[in-house]
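Each protein sequence line maps, in turn, to chains A and B. The first sequence stops at residue 408 when you use UniProt numbering, and every number in between is there. The second sequence stops at residue 408 when you use UniProt numbering, and every number in between is there. Built from N, CA and C at the ideal position, the CB exists for glycine as well. Just so it is clear, the structure is predicted and the values come from calculations on it, not from any experiment.
There are 2 protein chains.
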Amino acid sequence: MTRINENYLKLKAGYLFPEIGRRVKAYSDANADKRIIRLGIGDVTLPLVPSIVNAMVEAAKEMGTPGGFHGYGPEQGYSFLINKIIEHDYTKRGVKISEDEVFVSDGSKCDAGNIQEIFSLDSKIAVVDPVYPVYVDTNVMAGRTGEVNAHGHYENIVYMPATEANNFEPEFPKEKADIIYLCYPNNPTGMVATKERLAEWVAFAHKSGSIILFDSAYESFIQDPTIPKSIYEIEGAKEVAIEFRSFSKTAGFTGTRCAYIVIPKELKGKTSKGEEISFNSLWSRRHTTKFNGVSYVTQKGAEAVFSAQGQKEIGEQISYYMENARLIREGLGASGYKIFGGLNAPYIWLKTPRNLKSWEFFDELLSKAQIVGTPGSGFGPAGEGYFRLSAFGKREDVLSAIERIQKI
Amino acid sequence: MTRINENYLKLKAGYLFPEIGRRVKAYSDANADKRIIRLGIGDVTLPLVPSIVNAMVEAAKEMGTPGGFHGYGPEQGYSFLINKIIEHDYTKRGVKISEDEVFVSDGSKCDAGNIQEIFSLDSKIAVVDPVYPVYVDTNVMAGRTGEVNAHGHYENIVYMPATEANNFEPEFPKEKADIIYLCYPNNPTGMVATKERLAEWVAFAHKSGSIILFDSAYESFIQDPTIPKSIYEIEGAKEVAIEFRSFSKTAGFTGTRCAYIVIPKELKGKTSKGEEISFNSLWSRRHTTKFNGVSYVTQKGAEAVFSAQGQKEIGEQISYYMENARLIREGLGASGYKIFGGLNAPYIWLKTPRNLKSWEFFDELLSKAQIVGTPGSGFGPAGEGYFRLSAFGKREDVLSAIERIQKI
Numbered sequence: 001m002t003r004i005n006e007n008y009l010k011l012k013a014g015y016l017f018p019e020i021g022r023r024v025k026a027y028s029d030a031n032a033d034k035r036i037i038r039l040g041i042g043d044v045t046l047p048l049v050p051s052i053v054n055a056m057v058e059a060a061k062e063m064g065t066p067g068g069f070h071g072y073g074p075e076q077g078y079s080f081l082i083n084k085i086i087e088h089d090y091t092k093r094g095v096k097i098s099e100d101e102v103f104v105s106d107g108s109k110c111d112a113g114n115i116q117e118i119f120s121l122d123s124k125i126a127v128v129d130p131v132y133p134v135y136v137d138t139n140v141m142a143g144r145t146g147e148v149n150a151h152g153h154y155e156n157i158v159y160m161p162a163t164e165a166n167n168f169e170p171e172f173p174k175e176k177a178d179i180i181y182l183c184y185p186n187n188p189t190g191m192v193a194t195k196e197r198l199a200e201w202v203a204f205a206h207k208s209g210s211i212i213l214f215d216s217a218y219e220s221f222i223q224d225p226t227i228p229k230s231i232y233e234i235e236g237a238k239e240v241a242i243e244f245r246s247f248s249k250t251a252g253f254t255g256t257r258c259a260y261i262v263i264p265k266e267l268k269g270k271t272s273k274g275e276e277i278s279f280n281s282l283w284s285r286r287h288t289t290k291f292n293g294v295s296y297v298t299q300k301g302a303e304a305v306f307s308a309q310g311q312k313e314i315g316e317q318i319s320y321y322m323e324n325a326r327l328i329r330e331g332l333g334a335s336g337y338k339i340f341g342g343l344n345a346p347y348i349w350l351k352t353p354r355n356l357k358s359w360e361f362f363d364e365l366l367s368k369a370q371i372v373g374t375p376g377s378g379f380g381p382a383g384e385g386y387f388r389l390s391a392f393g394k395r396e397d398v399l400s401a402i403e404r405i406q407k408i
Numbered sequence: 001m002t003r004i005n006e007n008y009l010k011l012k013a014g015y016l017f018p019e020i021g022r023r024v025k026a027y028s029d030a031n032a033d034k035r036i037i038r039l040g041i042g043d044v045t046l047p048l049v050p051s052i053v054n055a056m057v058e059a060a061k062e063m064g065t066p067g068g069f070h071g072y073g074p075e076q077g078y079s080f081l082i083n084k085i086i087e088h089d090y091t092k093r094g095v096k097i098s099e100d101e102v103f104v105s106d107g108s109k110c111d112a113g114n115i116q117e118i119f120s121l122d123s124k125i126a127v128v129d130p131v132y133p134v135y136v137d138t139n140v141m142a143g144r145t146g147e148v149n150a151h152g153h154y155e156n157i158v159y160m161p162a163t164e165a166n167n168f169e170p171e172f173p174k175e176k177a178d179i180i181y182l183c184y185p186n187n188p189t190g191m192v193a194t195k196e197r198l199a200e201w202v203a204f205a206h207k208s209g210s211i212i213l214f215d216s217a218y219e220s221f222i223q224d225p226t227i228p229k230s231i232y233e234i235e236g237a238k239e240v241a242i243e244f245r246s247f248s249k250t251a252g253f254t255g256t257r258c259a260y261i262v263i264p265k266e267l268k269g270k271t272s273k274g275e276e277i278s279f280n281s282l283w284s285r286r287h288t289t290k291f292n293g294v295s296y297v298t299q300k301g302a303e304a305v306f307s308a309q310g311q312k313e314i315g316e317q318i319s320y321y322m323e324n325a326r327l328i329r330e331g332l333g334a335s336g337y338k339i340f341g342g343l344n345a346p347y348i349w350l351k352t353p354r355n356l357k358s359w360e361f362f363d364e365l366l367s368k369a370q371i372v373g374t375p376g377s378g379f380g381p382a383g384e385g386y387f388r389l390s391a392f393g394k395r396e397d398v399l400s401a402i403e404r405i406q407k408i
């Protein structure tokens, strides 16, 4: 009988969100009359904006014509989209990125999960605790970790706690780490990194010979103009960092699927013999061998995000969500909850009341107020006693949720 | 400096199709006046049929409405699509498959490349030679192979030659192999496996304790009703096989991206301690952790493939391509070329004239007739001296191509 990849057996329980789905389904099956408000999984709720819909409708129609049909596109993404990305997200912010440094994909979850493949299997990763589980789980699956220890940490991962004590700003890894995952604006804490702090990270990576995997999927929610949107706004970052971006939260693409990563050609790794190899070339090989490009219709939709009208329309959606964040922050703050994040990010990180465990508070909120949030402990042991609320709900749901929570 | 995954350095040159692209570009840059006919990469040329376009247009519009917006869908795919797949592709052919045995993805290239992750790293793979390069390259990247040897084979892969001598019907692996990749109708040879032969494969897998990865991306081109479209039409196949299916060639989705794999719950692997684990559960964990579902708009398009009108429309496209295959077979056959395949598959496999090497014939066809095909040697050493032509061209191009080749 064929042997399985036993690293999968090291994984703790189900992936966080399916587990939430399971509990919510069990509750709603038993309480069909109750209306559940979901502020959990971080899914957007506003429809695609007209510019995007129109572009997708036109593209779908084009696909039905002999002259407009598109078969296999470039695996890396169409130039029409890549050039808009570069112009809008980088050139305008003073960052020079070339076309072959951008790889369009069907989602940041995929990119963040697949990127580890181009690194040596014995490289050591460092993650913030709490953290987006995909960074950790995909390295467990690949075999870069040991088993989970009593503390809830995997052996052979360097954890950098982000706690109230350090204002959720993790310290540099205490042991040598080859690959450092950072996410700003942060999921789940909703905190951001100042330009100074990011510069310290880049300097640290240069000094320690590490690579930073910088997930900026939430950059469009940054309100403070002094906060960098891209790590490449920091001098020297191109030699040490890969950046992840997504249309999911920026433009409501969670069900439409488009994202991209940037791998500057300056970013090098080495072989066991000391030869230097560009990670861009390795990723290009992976991307062309294991991926076949994003749907043409989707890429045309993504392109529309960068039109003047598209920017205006998605800007309004982002303002709507950030107003939700403000309402949650202020509403729950006024009820005595201790609140973090939500100023430059669509996530609010709150301390559970009465020292409840995260899943206890999850069950309480679900059963008493029919609200679904995300247990902080699902993001790592340092998230125990915390809870994530998303600002992606509909306004009326957000208002009801605040009212219901205040009543508990 | 962070260490790279050195397995990538074992990979031979570029992936086949980018290399073809490079040569074609070089030629067309130097000969801008010549019209090139592409029968190489196997991309379809007919536009999406009206049923699919209409479904995608409606879905895109729906995504712009508050009531019709779809955010994150189930990673595994929407039930509306999975149930149609099961009914049409399995139930109607007497095969019982349940909803949680089907996983919708964005392409068979991705599925065929990713599937190896759920197997032990020390499992040994067997492939046909010639073979779709993705099966091999993704295992090289993962570290299951040694270097390429003088014969052009990777060490630690079991190769099963498909040659004129065995009528392109490979023998069972001569050494123990844990995972056997089979593709029927075959890419690149265009040959099919009879029900008897498939039953022998299933029996072999049972006896040897191997798993068959069965790629049936081209099943819709089977004309002979006695040839199985699914390996599950064979008794006992569910305990030994995973099946790959795609909308790419069936419905012109090469630029729209939708495929699926079937992993029956009966299919088990074992741990080093001998514990049995279902591969379905491992893939489910991978799929939910590293993938975020296929675009809603795309899935609605794929659903339309199964409507009565959709079936009629794609049936006409398949007939069109199979008529191309007939024209190529007969046209080149009449000119003295030795031809294989193309009866139940969209690929024609031909012996190069004058004992030319595959790439020599590629360059000759390109420079003398401005026709792009695929060198057989790109699929493995046993493909040397052969050449693949695709039947996916437009009729006028196919007719011109035949005429141009006849003139050489």
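* Asked: Which residue or residues does DSSP assign as beta-bridge partners of residue 374 of chain B?
  -> For residue 374 of chain B, the beta-bridge partners assigned by DSSP are B/388.
* To do: Compute the Euclidean distance between the alpha carbons of residue 282 of chain A and residue 354 of chain A, then round it to the nearest angstrom.
  => Residue 282 of chain A and residue 354 of chain A: Cα-Cα distance of roughly 50 Å.
* Beta-carbon separation (whole angstroms), residue 218 of chain A vs residue 185 of chain A, contact threshold 8 Å -> 4 Å between Cβ atoms; contact.
* If you draw a straight line from the C-alpha of residue 4 of chain A to the C-alpha of residue 293 of chain B, how long is it? -> Rounded to whole angstroms, residue 4 of chain A to residue 293 of chain B spans 24 Å at the Cα level.
* To do: Note down, one range per segment and in chain order, each alpha helix (DSSP H) of at least 4 residues found wholly within the segment 148-199 of chain A.
  => Counting whole runs of 4 or more residues, the segment 148-199 of chain A contains no alpha helix (DSSP H) stretch at all.
* Asked: Can you list the beta strand (DSSP E) stretches of 3 or more residues lying completely in the segment 328-366 of chain B, in chain order?
  -> Counting only runs of 3+ residues, the beta strand (DSSP E) found wholly inside the segment 328-366 of chain B occupies 339-341 and 347-351, in chain order.
* To do: Establish whether the CB of residue 138 of chain B and some CB of chain A are separated by less than 8 Å.
  => Answer yes: the Cβ-Cβ gap between residue 138 of chain B and chain A drops below 8 Å somewhere.
* Kindly indicate which three-state DSSP category residue 81 of chain A falls into: helix, strand or coil? => Reduced to three states, the DSSP call for residue 81 of chain A is helix.
* Listing by chain order, which chain A residues have their CB less than 8 Å from the CB of residue 61 of chain B? -> Within chain A, the residues near residue 61 of chain B are 53 and 57.
* Determine the burial state of residue 80 of chain A: buried for a count of at least 16 other Cβ atoms within 10 Å of its Cβ, exposed for fewer. => Taking a 10 Å sphere around the C-beta of residue 80 of chain A, we find fewer than 16 other C-beta atoms and assign the residue as exposed.
* Contacting positions in the segment 128-159 of chain A - beta carbon closer than 9 Å to chain B -> Residues of the segment 128-159 of chain A with a C-beta less than 9 Å from any C-beta of chain B: 133, 134, 137, 138, 141, 142 and 143, listed in chain order.
* Can you tell me the Cα-Cα spacing of residue 127 of chain B and residue 60 of chain A, whole angstroms? -> Computed Cα separation, rounded: 38 Å.
* residue 241 of chain B and residue 214 of chain B look like a contact to me (Cβ under 8 Å); what is the Cβ gap, rounded to whole Å? -> Between residue 241 of chain B and residue 214 of chain B, the beta carbon gap of about 5 Å places them in contact (Cβ cut-off 8 Å).
* Asked: Of all the beta strand (DSSP E) runs that stay within the bounds of the segment 104-135 of chain A, which reach a length of 3 or more residues?
  -> If we require 3 residues or more, the beta strand (DSSP E) runs fully inside the segment 104-135 of chain A come out as 125-129.
* Could you check what DSSP says for residue 326 of chain A in three-state terms: helix, strand or coil? => Three-state DSSP puts residue 326 of chain A in a helix.
* Compute the Euclidean distance between the alpha carbons of residue 172 of chain B and residue 197 of chain B, then round it to the nearest angstrom. => Between residue 172 of chain B and residue 197 of chain B, the C-alpha separation is close to 11 Å.
* Asked: Nearest to residue 368 of chain A by alpha carbon, out of A/403, A/335, A/266 and A/275?
  -> Comparing C-alpha distances from residue 368 of chain A to each of A/403, A/335, A/266 and A/275 shows the shortest one belongs to A/403.
* Sequence-distant residues of its chain with Cβ nearer than 6 Å to residue 338 of chain A (five each side left out) -> Here residue 338 of chain A has 351 as same chain residues with Cβ atoms under 6 Å from its own Cβ, once five neighbours each way along the sequence are excluded.
* **Bounding residues of the alpha helix (DSSP H) (the contiguous stretch that carries residue 304 of chain A)** => Counting along the chain, residue 304 of chain A sits inside the alpha helix (DSSP H) bounded by residues 296-304.
* Skipping 5 residues on each side, what residues in its chain have a beta carbon closer than 7 Å to that of residue 111 of chain A? -> If we look at residue 111 of chain A and ignore the five residues flanking it on each side, its Cβ neighbours are 105, 244, 259 and 261.
* Asked: Could you give the distance in angstroms between the alpha-carbon of residue 211 of chain A and the alpha-carbon of residue 18 of chain B?
  -> In a straight line, the C-alpha of residue 211 of chain A is about 29 Å away from that of residue 18 of chain B.
* When the distance is taken between beta carbons, is residue 161 of chain A closer than 8 Å to residue 376 of chain A? -> Cβ distance not < 8 Å, so residue 376 of chain A and residue 161 of chain A don't count as in contact.
* Within chain B, the residues that residue 11 of chain A reaches when beta carbons sit closer than 9 Å -> The answer, in chain order, is 285 and 289.
* Taking just the CA atoms, how far does residue 246 of chain B sit from residue 216 of chain B? -> Cα to Cα, residue 216 of chain B sits roughly 8 Å from residue 246 of chain B.
* Asked: With DSSP run on the structure shown, which of helix, strand or coil describes residue 213 of chain A?
  -> Three-state DSSP puts residue 213 of chain A in a strand.
* Just confirm the distance between the C-beta atoms of residue 45 of chain A and residue 393 of chain A, as a whole number of angstroms; I'd bet it's less than 8 Å. => Yes, they are in contact, since the Cβ atoms of residue 45 of chain A and residue 393 of chain A sit about 6 Å apart, within 8 Å.
* **Contact set for residue 16 of chain A: own chain, Cβ-Cβ below 6 Å, skip 5 residues either direction** => Answer for residue 16 of chain A: 133 and 378, listed in chain order.
* What distance in whole Å lies between the Cβ atoms of residue 401 of chain B and residue 9 of chain B, which are believed to be in contact at a cut-off of 8 Å? -> Actually they are not in contact, since the Cβ atoms of residue 9 of chain B and residue 401 of chain B sit about 38 Å apart, beyond 8 Å.
* Residues in its own chain within less than 8 Å of residue 423 of chain B by CB, not counting five upstream and five downstream? -> For residue 423 of chain B there is no data in the structure shown, the boundaries of chain B being 1 and 408.
* Asked: Name the chain B residues whose beta carbon is nearer than 8 Å to that of residue 43 of chain A?
  -> Listed by position along chain B, the residues whose Cβ is nearer than 8 Å to that of residue 43 of chain A are 71 and 72.
* Asked: Of the residues that make up the segment 91-109 of chain A, which ones have a beta carbon closer than 8 Å to any beta carbon in chain B?
  -> So the close ones are 106, 107 and 109.
* Which residues in the same chain as residue 299 of chain B place their Cβ atom closer than 6 Å to its Cβ, once the five residues preceding and following it in sequence are excluded? -> 78 and 81.
* Does any CB atom of chain B fall closer than 8 Å to the CB of residue 169 of chain A? -> So no, residue 169 of chain A is outside the interface.
* **As assigned by DSSP and simplified to three states, the class of residue 266 of chain A** => Annotated three-state conformation of residue 266 of chain A is coil, per DSSP.
* **chain A contact for residue 6 of chain B (CB, 8 Å cutoff)** => Cβ-Cβ to chain A under 8 Å: yes for residue 6 of chain B.
* Inspect the beta-carbon positions of residue 286 of chain B and residue 141 of chain A and report whether they are closer than 8 Å. => In contact: residue 286 of chain B and residue 141 of chain A (Cβ atoms closer than 8 Å).
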